[in-house]
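Single-structure report; data block below.
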Amino acid sequence: MSSSKSSLTALTLGAIGVVYGDIGTSVLYAVKEVFGSGHVAFSPDNVYGILSIFFWTLTVIVSIKYVLLVLRADNNGEGGLVAMLALASQSVKDKPRLRRVLLAVGIFGTCLFYGDGVITPAISVLSAVEGLEVVSPAFKRYVIPLTLIILFGLFAVQKRGTAGIGKFFGPIT
60 MSSSKSSLTA LTLGAIGVVY GDIGTSVLYA VKEVFGSGHV AFSPDNVYGI
110 LSIFFWTLTV IVSIKYVLLV LRADNNGEGG LVAMLALASQ SVKDKPRLRR
160 VLLAVGIFGT CLFYGDGVIT PAISVLSAVE GLEVVSPAFK RYVIPLTLII
210 LFGLFAVQKR GTAGIGKFFG PIT
């Protein structure tokens, strides 16, 4: 394999590990919550319906929010929610009330993003480790300690960047 093809493969694998790790894991524990609560009967029609809702929600959110909205926001090379806020704020300089509303919405969105960044890894790792209880109920008392060890390990290596973590977890997803 050529050098450029090899590096493209590594970049693709890393991107899958980072992006799918965030977007894709939500469905894993959401299915458990939908059917585990007893509110929805476990039947083939309901499974197809719930999976369809998840699929189309993720497809629409990624297509509309990210591709059509977030990726177009370019504030001197910066992107994302804060860049969108800066661009929107610049366009309403002469309307201070609207600018304050935009600032409040931007701060709220940033808070949601920050909260998602904290809770998603915790819920994802906890859900994965809870799977040990399926193998043996004796693992139940180790679920929380093992989850904490994994989370501390993940956050300890996070300083090396998402590229390193993505290369490690890309093959798993």
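Following the numbering used here, the numbering of the sequence shown begins with 60 at its first residue and continues without gaps.
Note that CB positions come from ideal geometry on N, CA and C, so glycine has one too.
Practice item. Could you check how far apart the C-beta atoms of Val164 and Arg158 are, in whole angstroms? I think they sit under 8 Å. Key: That pair is no contact at about 11 Å.
Point to revise | For Asn105, the three-state DSSP class (helix, strand or coil) | key: helix
**Study point:** In DSSP terms, what Asn134 is bridged to
**Key:** Glu137
Exercise for review: Assign Thr206 to one of two classes, buried (16 or more other C-beta atoms within 10 Å of its C-beta) or exposed (fewer than that).
Suggested key: buried
Review point. So, do the region 166-177 and the region 188-206 have three or more beta carbon pairs nearer to each other than 8 Å?
Key: no
Check your understanding: Taking the alpha helix (DSSP H) that Lys204 falls in, what are its first and last residues?
Key -> The amino acid occupying residue 204 in the given sequence is Pro; Lys does not appear at that position. Note, Pro204: alpha helix (DSSP H), Val202 to Val216.
Review point. Taking Cβ to Cβ, would you say Asn135 is nearer than 9 Å to Met143?
Key: no
Exercise for review: Determine the DSSP secondary structure at Gly176, reduced to helix, strand or coil.
Suggested key: helix
Point to revise | Inter-residue CB distance, Gly168 and Leu140 (contact presumed, cutoff 8 Å) | key: 5 Å
Practice item. Can you tell me which of the three DSSP states Ala100 falls into? Key: coil
**Study point:** Exposure label - Ser183; buried when at least 16 CB within 10 Å
**Key:** buried
Check your understanding: Of the residues Gly212, Leu213, Gly190 and Phe211, which one's Cα is nearest the Cα of Val202?
Key -> Gly190
Review point. Mapping DSSP to helix, strand and coil, what is Lys154?
Key: coil
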